[in-house]
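**Student:** Here the protein sequences come in this chain order: A and B. Be aware that the first sequence starts at 1, since it is given in the working numbering, and climbs by one per residue. Be aware that the second sequence starts at 516, since it is given in the working numbering, and climbs by one per residue. All residues carry an ideal CB built from backbone N, CA and C; glycine is no exception.
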Amino acid sequence: MELKEVNLKLVRDLQKILRKDQISVTNPDRLSYGRDSSSQAIIWARANQVKYPPDVIVWPETTQEVSKVVSFANSKSIPLIPFGGGSGVCGGTWALHGGIALDLKRLNQILKLDPIKMNVRVQTGINGEIFERELQRRNMTLGHFPSSIYVATVGGYLACRSAGQLSTKYGKIEDMVEGLEVVLANGDIVSIESVKDQPKQLDLKELFVGSEGTLGILTEATLKIHAMPESERFLAFQFRSLEEGLEGIRKILQRGVSPAVVRLYDELDTILFGSHKEKSKTGGVKESLQNSLKPMLTCIKNRSLKIFLKHTDRLGKFLNYLPGSCMLILGFQGFKKIIEAEAEIAEEVCLKYQAADLGPGPGLYWKKHRYSVSYKLSPIFDAGFFADTMEVATTWKNLSNLYHAVREAISKHALVLAHFSHAYPEGCSIYFTFVGYGENLKKSEDLYQYIWREALEACVSSGGTISHHHGVGVLKAGYMKDEWGAGLNWLNRVKNQLDPRHILNPGKLGLTPLI
Amino acid sequence: MIEIDSTSLLVTTDTDETIAQLEEQVLKEGFTLNYFTPPDNQDCLADALEERLPNLYGEAFGGIEELCAQVRWIHPSGEEYFNKLTPRSATGPSLKKFSIGSDQLLGTPIQATFRLFPRPRYHQYAIFSFPSTRASSSFKQWVYKGRLAIPLFVEISPSKVEDFLEKEKVNESFIGAAFWGEEKLVLAMINTLSESAHQKKGRHLEIGKKNQPEFLDMLRKTKESQLKKERKFSAAKEKGLQGLRQMLQRCS
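(1) Under a CB-based cut-off of 9 Å, is Thr465 (chain A) close to chain B?
(2) Indicate the three-state DSSP secondary structure (helix, strand or coil) for Glu580 (chain B) in the structure shown.
(3) Indicate whether at least one CB of chain A lies closer than 9 Å to the CB of Asn726 (chain B).
(4) Alpha carbon to alpha carbon, what distance is there between Pro624 (chain B) and Leu564 (chain B)?
(5) For a cutoff of 9 Å on Cβ pairs, would you count Thr141 (chain A) as touching chain B?
(6) Shortest alpha-carbon distance to Ala693 (chain B) belongs to which of B:Arg649, B:Thr533, B:Cys583 and B:Gly573?
(7) Under 6 Å Cβ to Cβ from Gly507 (chain A), same chain only, skipping five residues before and after it: list those, please.
(8) How would you label Val472 (chain A), buried or exposed, when you count the other beta carbons within 10 angstroms and need 16 or more for buried?
(9) Taking the beta carbon of Tyr375 (chain A) as the centre, do at least 16 other beta carbons fall within 10 Å, making it buried, or is it exposed?
(10) Looking at the structure shown, is Trp59 (chain A) part of a helix, part of a strand, or coil, going by DSSP?
(11) Cβ of His713 (chain B) less than 9 Å from any chain A Cβ?
(12) Among A:Ile116, A:Val89, A:Gln254 and A:Gly361, whose alpha-carbon lies nearest the alpha-carbon of Tyr157 (chain A)?
(13) Anything in chain A within Cβ reach of Ser617 (chain B), meaning under 7 Å, just list it in chain order.
(14) Of all Cβ atoms in chain A, is any one closer than 9 Å to the Cβ of Leu660 (chain B)?
(15) Which residues in chain A have a C-beta closer than 7 Å to the C-beta of Leu582 (chain B)? List them in chain order.
(16) For Leu180 (chain A) and Thr222 (chain A), what's the separation of their Cα atoms in angstroms?
(17) Assess, as a yes-or-no matter, whether the stretch 708 to 724 of chain B is touched by the stretch 636 to 643 of chain B under the definition of 3 or more beta carbon pairs within less than 8 Å.
(18) Applying the criterion that 16 or more other CB atoms from any shown protein chain within 10 Å of the CB defines a buried residue, is Thr512 (chain A) buried or exposed?
(19) CA-CA distance, Ala418 (chain A) and Ile430 (chain A)?
(20) What residue from A:Ser37, A:His369, A:Ala343 and A:Arg370 has the CA that sits closest to Asp357 (chain A)'s CA?
(21) Along the chain, where does the beta strand (DSSP E) that runs through Val669 (chain B) open and close?
(22) Which same chain residues end up closer than 6 Å to Asp499 (chain A) when comparing Cβ atoms and leaving out the 5 residues on each side of it in sequence?
(23) Only counting the same chain, and skipping five residues up and downstream in sequence, which positions put a Cβ closer than 8 Å to that of Glu340 (chain A)?
(24) If the cut-off is 9 Å on Cβ atoms, which residues from the stretch 252 to 263 of chain A count as contacting chain B, listed in chain order?
(25) What number of angstroms, rounded off, separates the C-alpha of Ala423 (chain A) from the C-alpha of Ser467 (chain A)?
(26) Can you tell me where the alpha helix (DSSP H) holding Ile252 (chain A) begins and where it ends?
(27) Checking 9 Å against the spacing of the C-beta atoms, do Arg634 (chain B) and Thr547 (chain B) come in under that value?
(28) Within 8 Å, do at least three Cβ pairs link the stretch 365 to 383 of chain A to the stretch 408 to 416 of chain A?
(29) Less than 9 Å between CB atoms is the rule here; does Asn556 (chain B) satisfy it with respect to chain A?
(30) At least one CB of chain B closer than 9 Å to the CB of Gln354 (chain A): is that the case?
(31) Let me know if Pro60 (chain A) comes out buried or exposed under the rule of 16 or more other beta-carbons within 10 Å of its beta-carbon.
(32) Flag Gln656 (chain B) as yes if its beta-carbon sits less than 9 Å from any beta-carbon of chain A, otherwise no.
(33) Decide if Ala712 (chain B) is buried, meaning its Cβ has at least 16 other Cβ atoms within 10 Å, or exposed.
(34) Is the stretch 593 to 604 of chain B close to the stretch 481 to 492 of chain A, with three or more CB pairs under 8 Å?
(35) Taking DSSP as the reference, what is the three-state secondary structure of Tyr659 (chain B)?
(36) For the alpha helix (DSSP H) containing Val541 (chain B), list its first residue and its last residue.
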């Protein structure tokens, strides 16, 4: 692949700030940093394309070095793209206009763990799994377990308001932030403290968390931590319908129960989950259907799926005849007596809906395999398919409406399944997974983008938020006006004030570019 | 009050009402806001939103920024800003959380949607009594570490305890607590706390029904004065942020 020639003056200038080994302009590095983990980037990469490589990659080792690089980029109006683990799925780190990729992974220290205040000060370049392992060594936990934990950094968590698999109990990352250190576009380093219980104080951290590197570079964070739970318990139930399963979750949460894990699989996802297990407990017709679908669902290379996906309208009709039952997994963590009471209430609610008790097995199975799913994408792409996920959210009142609207929009063009996780007393998130097929790169790309447009429009018109925890990046930028309304004008004014030259991650978050 | 969504447990209201007025209305419908500002919830909702008035029950239910699901602000320019009504989102900064407590940076709040909780049928009040302040501090730290969601949990002076304990007063350090919600959960929490208190040579004492309103009032007042003490915002923390604040003022 031919890359644009590097401006050597830029490299020489950077060498005045950083050591040579902190700067790279090699093609392998530029290609690596020109993509993230988004399906669009994978589609391009498989066609030997990296569309948005940076001109140069730098690895600062201190906040002061970050500040110097930012000041320099600002003085020369050079785009600067903060980069963590590269696990984003929305194009949030694509160097749309070239420039400097600012990799923060060398800012990877745990600075202070305070067992009295129960918080930890950490540099944002630390890897999520290493960070969690270090906390657990001290019998503490962040309680944040995203699927990307092995790749993502704390900075990445914060940049796009990440959610972990236990978020119903521990919250999303934004619920854990007590303080931040931010480098502004002019190079100023600001330290932001919590304003909890402080009236009339701007909560500045709320401006930077989720800003995807467009308003400032996050270099340190103080995060709330928890003692490792004394006890853990899993329950699972098979509901007669998706609607009953959703009602079950809603009632459990609204009675004050906070399970750590809440996962309700829709009909197809329930079958897929069952097909992975050695022995299904459901039996009868359902089991035989599971068995018949198993080859289709697990052997994605099977030619028949390609044929199915060419006729998604017929596939959709076929899937409408699936048995309506849906599986719910609940996991509880905390003090033994309290989680026993929580489990008792949850059980009482589920049994009222005549849901079948599946015992702890499915929950334990899920826990064992909970990070595996992300690694199953490669064979799908190998076989010429594309796959992606879309996470939306809304209130309970609107949830079924949103689910059906988005599912219908996607199912016309791809195989789609969903689960409901990240539940709250007032609403819930829906996590759609879809698999599509195009005969060549052009067709795949066109179809992929068409599906996203249709799905996002269905989401917007049904009143859902376009992202619950993946962020916006480039993928959803065109829908920010629908999401924010006039508020986006205010956000643009904030951008113009904080970063008047628009050097910080330009082209992301739907912000108006400088003319 | 404009509308109650009893499925999502949300209430939408104009912000010229007081918190007490809204609470009274939702109580009639079988709900509570679980938001209490001292001395008696008489603050207007608009003020509570502009100033981010602390919630005395915040440890269990969160501050107003968590209890509020959506706010509509009218900016002097005529623009109306509001966040999407959703439990959480990842679409940039949180306009809702940034705007609550921002005084009038984004204009005036005209309408808001708050979370509702089922009106609790079960209440419990307790004193945890310890032979030393060291033991009670250790208990407090254990509760904090366990992040137990207790609506009111405050250290109380021995003089205040006298009114609520009928018999002997041999111990010297006391913590008062109020619990409400689902009976099974409240009981499980109290059992868990009692066990821990016992391990620290403490005792769990229940408050009799007739004394409960006074006890709750005393806990609220104690919590309020505790919050005031914690509210001393350090001037040092302000340093370095002034430039940023000025930039944000210019955006409005």
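**Tutor:** Reading off the structure:
(1) Counted from its first residue, the first sequence places residue 465 (chain A) at position 465. With 9 Å as the cut-off, Thr465 (chain A) counts as an interface residue toward chain B.
(2) Position 65 of the second sequence, counted from the start, is the residue given in the question as residue 580 (chain B). Helix.
(3) Taking the first residue of the second sequence as position 1, residue 726 (chain B) is located at position 211. Chain A contact via Cβ: absent.
(4) Walking along the second sequence from the start, residue 564 (chain B) turns up at place 49. Walking along the second sequence from the start, residue 624 (chain B) turns up at place 109. About 7 Å.
(5) Here residue 141 (chain A) refers to the residue found at position 141 when the first sequence is read from its first residue. No, because no Cβ of chain B sits closer than 9 Å to the Cβ of Thr141 (chain A).
(6) As a working note, residue 693 (chain B) is residue 178 in the second sequence. Measuring from the Cα of Ala693 (chain B), the nearest candidate turns out to be B:Gly573.
(7) Taking the first residue of the first sequence as position 1, residue 507 (chain A) is located at position 507. Only Leu96 meet the Cβ criterion.
(8) Taking the first sequence and counting its residues from 1, one reaches residue 472 (chain A) at position 472. Val472 (chain A) is buried by the Cβ-count criterion.
(9) To locate residue 375 (chain A), count along the first sequence from 1; it is residue 375. With fewer than 16 other Cβ atoms within 10 Å, it is exposed.
(10) Mapped onto the first sequence, residue 59 (chain A) falls at position 59. Three-state result, Trp59 (chain A): coil.
(11) Numbered from 1 along the second sequence, position 198 holds the residue referred to as residue 713 (chain B). Not an interface residue.
(12) Position 157 of the first sequence, counted from the first residue, corresponds to residue 157 (chain A). Residue A:Val89 is the option with its Cα nearest to Tyr157 (chain A).
(13) Against the second sequence, residue 617 (chain B) aligns to sequence position 102. By Cβ distance, chain A contributes Leu202.
(14) As a position in the second sequence, residue 660 (chain B) is number 145, starting the count at 1. Checking the sequence, you will find Lys at residue 660 (chain B) rather than Leu. Closer than 9 Å: yes.
(15) Within the second sequence, the letter at position 67 stands for residue 582 (chain B). Here the premise fails: no neighbours, minimum Cβ distance about 10 Å.
(16) Here residue 180 (chain A) refers to the residue found at position 180 when the first sequence is read from its first residue. Here residue 222 (chain A) refers to the residue found at position 222 when the first sequence is read from its first residue. Near 6 Å, if we compare the C-alpha coordinates of Thr222 (chain A) and Leu180 (chain A).
(17) yes
(18) Within the first sequence, numbered from 1, the residue matching residue 512 (chain A) stands at position 512. When all chains shown are included, Thr512 (chain A) counts as exposed.
(19) In the first sequence, residue 418 (chain A) corresponds to position 418, counting from 1. In the first sequence, residue 430 (chain A) corresponds to position 430, counting from 1. Spanning the two alpha carbons is a distance of roughly 7 Å.
(20) Looking up residue 357 (chain A) in the first sequence gives position 357. Out of A:Ser37, A:His369, A:Ala343 and A:Arg370, A:Ala343 has the C-alpha closest to the C-alpha of Asp357 (chain A).
(21) Taking the second sequence and counting its residues from 1, the one referred to as residue 669 (chain B) is at position 154. First-last of the beta strand (DSSP E) with Val669 (chain B): Leu667 to Ile671.
(22) In the first sequence, residue 499 (chain A) corresponds to position 499, counting from 1. Only Ala185 meet the Cβ criterion.
(23) Indexing the first sequence from 1 puts residue 340 (chain A) at position 340. Excluding positions up to five away in sequence, the list reads Arg233.
(24) Gln254, Arg255, Gly256, Val257 and Ser258
(25) Counted from its first residue, the first sequence places residue 423 (chain A) at position 423. Counted from its first residue, the first sequence places residue 467 (chain A) at position 467. Straight-line Cα distance between these residues: approximately 14 Å.
(26) Walking along the first sequence from the start, residue 252 (chain A) turns up at place 252. First-last of the alpha helix (DSSP H) with Ile252 (chain A): Leu242 to Gln254.
(27) Sequence index remark: in the second sequence, residue 634 (chain B) carries index 119 (1-based). Sequence index remark: in the second sequence, residue 547 (chain B) carries index 32 (1-based). Going by C-beta atoms, Arg634 (chain B) is nearer than 9 Å to Thr547 (chain B).
(28) no
(29) As a first step, residue 556 (chain B) must be located in the second sequence, where it is residue number 41. No - not a single Cβ of chain A is within 9 Å of the one on Asn556 (chain B).
(30) Translated into positions along the first sequence, residue 354 (chain A) becomes position 354. Judged by the 9 Å Cβ criterion, Gln354 (chain A) is not in contact with chain B.
(31) Translated into the one-based positions of the first sequence, residue 60 (chain A) becomes position 60. Under this definition Pro60 (chain A) is a buried residue.
(32) Here residue 656 (chain B) refers to the residue found at position 141 of the second sequence. For Gln656 (chain B), the answer is yes, since a Cβ of chain A falls inside 9 Å of its Cβ.
(33) If you number the second sequence from 1, residue 712 (chain B) lands on position 197. Ala712 (chain B) should be labelled buried.
(34) yes
(35) Working through the second sequence from its first residue, we reach residue 659 (chain B) at position 144. Helix at Tyr659 (chain B).
(36) Looking up residue 541 (chain B) in the second sequence gives position 26. Ile534 to Lys543 is the extent of the alpha helix (DSSP H) around Val541 (chain B).
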